[in-house]
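>
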Amino acid sequence: MSTFRGTFRSHAARCSAAHSELQRQVDALTKQNLELRDELRASGVPLLEARRRSTVSLPTTLGPDPLGSVSTFGNISPLLADEETRAEFVSCKSHSAPLQQRLPSTPVVPSTPVLQQRLTSTPVTSPKGLPEKPAPSGEAAHPMDTTRGEEEVEEKQYPDGKVEQTLSDGRTIVTFPNGTKKEISADRKTITTRFYNGDVKKIYYYAEAQTTHTTYPNGVEVVQFPNKQTEKFHPDGSKETVFPDGTVTQLKGGREEIVFPDGTVVIVKRNGDKTILFSNGQKEIHTAQFKRREFPDGTVKTVYCNGCQETKYATGRIKVKDETGSVILDGKWSHPQTHRCA
């Protein structure tokens, strides 16, 4: 037992060091994000209230509740489950926190470093709103029409049938053979495309913040940041964020789903319950009452909020430890409710 305790302490020390490094990276990314937003504000472009957002308050950061899920069970093999030392468990009080504090800041699954970094670094940071696109110079007063009296300075015709017109006010209009027209503003910051079927696509580029805001005909808005992060806002209020490392987060109807490059999926429900699907076939479920890990071989390990542990094996064996780590039951599983230590 002392050997396993020593192993556990060593593992905890490595996890603490990894968390400190990840937190440092998170702080740097957060600072960079705030600087970008300050630049947007300084440019005089007001922030648009998030349009038609669902009324559900979703997490703005993945707060301090450790993914004990991942640290509660560590990297323990099912074959060694009955020799493991008692894992620390976050108190029930911590699980009653708001949703924005539910996701972990110190996940310590060595096999899922990407999961650790993203869950600690606001993978689901929700911006206060999209940058509001100022009306491009000349667009409101000048619909895409060259017959209103402006002098056409230059016209180029291309072999593929495309025609490019440069107007006296600096705008450029490109007409394609199928009737689609693309207008580029004089300052080259705004591109408006009017498709032959009546659809309109607008792209605005914030030069100072190096951010591009695109509005598509179906109402989808996409914001692309200089660090390659992309945020997509849908008309139904849902949001999708793609991070440079390939992590994708989706917020919809009070439900959050995070998909990591290694295949790990984290699902957070409106009530804060969390399900983690690992690429190795393991599954974790977090509620206010317990944390449970299910292994591919049928083994199920549960840690309750009072510190009591319960391990069930596919063979029917059940092992129960109290909050001090003492074994209080080790035998055949016949009536699960009578052995429950919660």
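Read the sequence shown against the working numbering and you will find it ends at 345, with the numbers running on by one and no gaps. Where a beta carbon is used, it is the ideal one built from N, C-alpha and C, also for glycine. Everything numeric in this text was worked out from a predicted model, so none of it was measured.
If distances are taken between C-alpha atoms only, which option among Gly201, Arg191, Val262, Asn309 comes closest to glycine 249?
Ranking the options by Cα distance to glycine 249, first place goes to Val262.
> How is the beta strand (DSSP E) around threonine 314 delimited, first residue to last?
Looking at the DSSP string, the run of the beta strand (DSSP E) that includes threonine 314 is 312-315.
> Can you tell me which of Asp325, Arg40, Val269 puts its alpha carbon nearest to the alpha carbon of cysteine 308?
It is Asp325.
> For arginine 3, does the three-state DSSP call read helix, strand or coil?
Residue 3 lies beyond the residue range present for the chain, which begins at 4 and ends at 345; the question has no answer from this structure.
> What separation, rounded to the nearest whole angstrom, lies between the Cα atoms of leucine 332 and threonine 318?
When rounded, the distance between both Cα atoms is 16 Å.
> Give the range of the beta strand (DSSP E) segment to which threonine 355 is assigned.
For the chain, the structure presents residues 4 to 345; residue 355 sits outside this window and is missing.
> Just grab the DSSP bridge partners of isoleucine 176 for me.
In DSSP, isoleucine 176 forms a bridge with Gln168, Glu186.
> Who are phenylalanine 236's beta bridge partners in DSSP?
Note: phenylalanine 236 sits in a beta bridge opposite Glu224, Lys242.
> What span of residues does the beta strand (DSSP E) with tyrosine 161 cover, start to end?
Where tyrosine 161 is concerned, there is no enclosing beta strand (DSSP E), given that its DSSP letter is neither H nor E.
> Have a look at leucine 32 and threonine 183 and give me their C-alpha separation to the nearest angstrom.
Roughly 41 Å between the two C-alpha positions.
> State the DSSP-derived secondary structure class of lysine 34, mapped to helix, strand or coil.
In the structure shown, lysine 34 sits in a helix (DSSP, three-state: H, G or I).
> I'd like to check one pair, proline 220 with phenylalanine 198: are the Cβ atoms closer than 9 Å?
In this structure, proline 220 lies closer than 9 Å to phenylalanine 198 by Cβ.
> Lysine 205 and threonine 215: beta carbons closer than 9 Å?
Cβ atoms of lysine 205 and threonine 215: not closer than 9 Å.
> Could you compute how far the alpha carbon of glutamate 135 sits from the alpha carbon of serine 188?
Confidence at glutamate 135 is low in this model, with a pLDDT of 49, below 50, so the placement of that residue is unreliable and no value is reported for it.
> I need the straight-line Cα distance from leucine 170 to valine 177, nearest angstrom please.
Cα-Cα distance, rounded: 11 Å.
> Compute the Euclidean distance between the alpha carbons of asparagine 274 and aspartate 172, then round it to the nearest angstrom.
Going from the Cα of asparagine 274 to the Cα of aspartate 172 covers about 56 Å.
> Express the C-alpha separation of threonine 290 and lysine 315 in angstroms, rounding to a whole number.
Each residue's Cα considered, the two are about 19 Å apart.
> In this structure, what does DSSP give as the bridge partners for lysine 192?
DSSP lists no partner for lysine 192.
> So, for glycine 222: in the same chain, excluding its five sequence neighbours on each side, which residues have a beta-carbon less than 7 Å away from its beta-carbon?
Taken in chain order, the residues that qualify are Pro238.
> CA-CA distance, serine 1 and threonine 267?
For residue 1 there is no data in the structure shown, the boundaries of the chain being 4 and 345.
> Using 8 Å as the cut-off, classify the Cβ of threonine 327 as near or not near the heavy atoms of the ligand MG, replying yes or no.
Of ligands this structure carries none, so the ligand MG is not represented either.
> As a quick exercise: from Glu287, Arg191, Glu211, Ser241, pick the residue whose alpha carbon is nearest that of glutamate 224.
The shortest C-alpha separation from glutamate 224 is found at Ser241.
> Starting from arginine 258 and walking both ways along the beta strand (DSSP E), at which residues does that stretch end?
258-262 is the span of the beta strand (DSSP E), which, as asked, contains arginine 258.
> Less than 9 Å between the beta carbons of glutamine 227 and phenylalanine 246, yes or no?
Against a cut-off of 9 Å, the Cβ pair of phenylalanine 246 and glutamine 227 comes out as no contact.
> Is glutamate 211 helix, strand or coil by DSSP?
Looking at glutamate 211 - three-state DSSP - the assignment turns out to be coil, as it is neither helix nor strand.
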